[in-house]
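Below is one structure; the comments refer to it alone.
2 protein chains.
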Amino acid sequence: MDMKNPKYKNQGIHVDMVVFTVDDKKIKTLLVQRGRKPFVGEWILPGGAVYNDESVDFAAERELEEKTGLKDLYLEQLHTFGNPKRDPRKRMVSVAYLALVDKKKVSILQKTSKTLDAKWFDIKKLPDLAFDHKEIVRLAVKSLRKMLIYSNIAYTLLPCQFTLPELQGVYEIILGEKFDRRNFRRKFLNLGLIEATGKREEGMANRPANLYRFKAKKYKAVDIL
Amino acid sequence: MDMKNPKYKNQGIHVDMVVFTVDDKKIKTLLVQRGRKPFVGEWILPGGAVYNDESVDFAAERELEEKTGLKDLYLEQLHTFGNPKRDPRKRMVSVAYLALVDKKKVSILQKTSKTLDAKWFDIKKLPDLAFDHKEIVRLAVKSLRKMLIYSNIAYTLLPCQFTLPELQGVYEIILGEKFDRRNFRRKFLNLGLIEATGKREEGMANRPANLYRFKAKKYKAVDIL
DNA sequence: TTTACTATGTGTTTGGAGGACGCAAAGGCT
DNA sequence: AGCCTTTGCGTCCTCCAAACACATAGTAAA
């Protein structure tokens, strides 16, 4: 391969992260306000350029922490966006990642020199996004719905201990449909993914719900519905 | 972004295609024999560098036709491989694609100046592959199995008209398990994905099977099993 | 303390889909 | 005409999931 060939020259690799959480009965995603040209002040997905000495996966973790302060969260490659015009500066391919966090980490947001601001947005009320980031978010939402149905990744969106109604809420909010409490409970318990902790909720106005935890906090392909 | 920064300089974007077909009761994939350094003479996946003025998806189509002569086949992005050491020459990220063809196109293989040879291999008897291409094939097989279960992509692996035993064969070969003829038939017909053509097989030694076709030759998410 | 209210936890019924399997039909071959 | 092979069709039976009624555990108000 001729590395000086202008057909290939000056290509760049980028990562962009779509971070989702479920909070306040909404799916929310994390956006940062861009601090440099082009598109200064516009909202974009957190992300950045991949260094030559790191893997793309690692770059995703690093950039996410640098731009938002979030670390140690579930991260999975989503899709690579390769339209030649997607970045006005140069030929830039973006590897998009889907990240999931439970809402207790929502408050850990850190402004950096590279971004003007970072904020959670209801995905139904997104502002205009620069580049092709709106398209990336759309695909991420699709993927999130599939993952919820075909795996146990709900564990990433809930605290260590949670109630069955909370779990059901996550499913209802993301999939946008209601389920029967009793059938949902039976189905999920039969799947064997979660177990009772023996403890119960405290300080509730009504009957306290039992607390459960996921047996394994690791991705597992399972048909939920 | 500083385009001269050595952290980002000299990055390259590549596409690699895993082409599958089902033939002779085996899953086969197409490999080409490399014509240049490094790894001259070794078997690799068909692929090549992405040009600056084309989308990554388009590059996949173009490279596949250039390297093998195959065109107009089902092509889907699989995963992006971004280990910094995966190519000894430079920082090269590879976007891997999964391609599917029906066996009638197996014979259309074209040697080019860029490759010494092109050949179909039983995936259970692959030679050593250069780069990280073995890993790519492994992931592609996994993905193929999932796709077969959760969508109608079987249509890409069969001719326009096919028999139910042929269809069942595709499933059995790829998934590696036997199904009951009568249950498979009932399930697939109930799915409504295929319809009878009214014609039958000809020149068979036994009872000729009815010919079917897929109603829509377009990807559709459906739970098959 | 008694009652009302609300959300959680448990049981029952019922219908449909899928797995196991028997048998008939349509060819070619001897 | 019989035999063999493969395809096509129907039945039984079990299990799972949707639909629904009722009991339980807490707070809040009378």
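Chains as they are written, first to last, in this note's numbering: chain G, 37 to 261; chain V, 37 to 261. The beta-carbon is built from N, C-alpha and C at its ideal position, and this holds for glycine as well. Keep in mind that this is a model prediction, so the values were computed, not measured.
Asked                                                                                                                          : Found
Rounded separation between Ala154/V and Ala96/V - CA only                                                                      : 17 Å
Residues that His50/G bridges to, as DSSP identifies them                                                                      : Ala85/G, Ser130/G
Min CB distance Tyr207/V to chain G below 8 Å                                                                                  : no
contact_flag[the stretch 175 to 182 of chain V, the stretch 233 to 245 of chain V] where n(CB pairs < 8 Å) is 3 or more        : no
Cβ contact (3+ pairs, closer than 8 Å) linking the stretch 211 to 221 of chain V and the stretch 232 to 241 of chain V         : no
Option nearest Arg122/G by Cα separation, candidates Tyr191/G, Tyr44/G, Ile172/G                                               : Ile172/G
Sub-8 Å separation of Phe220/G and Gln197/G beta-carbons                                                                       : no
Burial state of Asp259/G (16 or more Cβ within 10 Å)                                                                           : exposed
Amino acids of chain G, ordered along the chain, whose beta-carbon sits closer than 7 Å to that of Gly48/V                     : Tyr44, Gln47
Cβ neighbour criterion (16 or more within 10 Å) applied to Ser143/V                                                            : exposed
Buried or exposed (CB count within 10 angstroms, at least 16 for buried), Asp164/G                                             : exposed
For Glu202/G, the nearest candidate out of Met53/G, Asp60/G, Asn41/G (CA to CA)                                                : Asp60/G
Beta-carbon proximity list for Met183/V, same chain, < 7 Å, skipping 5 on both sides                                           : Ile189
Collapsed DSSP secondary structure at Arg221/V in the structure displayed                                                      : helix
Residue range of the unbroken alpha helix (DSSP H) whose run includes Lys103/G                                                 : 92 to 104
Proximity test, Cβ basis, 8 Å: Gln204/V and chain G                                                                            : no
Residues, ordered as in the chain, of the stretch 87 to 114 of chain G that lie near chain V by beta-carbon distance below 7 Å : Tyr87, Asn88, Asp89, Glu90, Ser91, Val92, Asp93, Gln113
Any chain G beta carbon closer than 8 Å to Pro163/V                                                                            : no
Below-8 Å beta-carbon distance, Thr151/V vs any chain G residue                                                                : no
Minimum length 3: unbroken beta strand (DSSP E) runs contained in the stretch 195 to 258 of chain G                            : 230 to 236, 246 to 250
Sequence-distant residues of the same chain with beta carbon closer than 8 Å to Phe75/V, five excluded per side                : Ala166, Phe167
Cβ-Cβ separation, Val58/G to Leu193/G (assumed contact under 8 Å), whole Å                                                     : 5 Å
Test: Thr199/G CB closer than 8 Å to a CB of chain V                                                                           : no
Cβ-Cβ separation, Asn41/V to Pro120/G (assumed contact under 8 Å), whole Å                                                     : At roughly 22 Å, the Cβ-Cβ gap does not stay under 8 Å, so Pro120/G and Asn41/V are not in contact.
Proximity below 8 Å, CB of Lys253/V to CB of Glu231/V                                                                          : no
Closer than 8 Å at the beta carbon, the chain V residues around Val131/G                                                       : Thr116, Gly118, Val129
Chain G contacts from the stretch 61 to 87 of chain V (Cβ-Cβ distance under 9 Å)                                               : Arg72, Gly84, Ala85, Val86, Tyr87
With 16 other Cβ atoms within 10 Å as the buried cut-off, status of Asp158/G                                                   : exposed
Buried or exposed by the 16-neighbour rule on C-beta atoms within 10 Å, applied to Leu136/V                                    : buried
Separation of Val86/G from Asp52/G, as counted between CA atoms                                                                : 10 Å
Three-state secondary structure (DSSP) of Ser143/V                                                                             : coil
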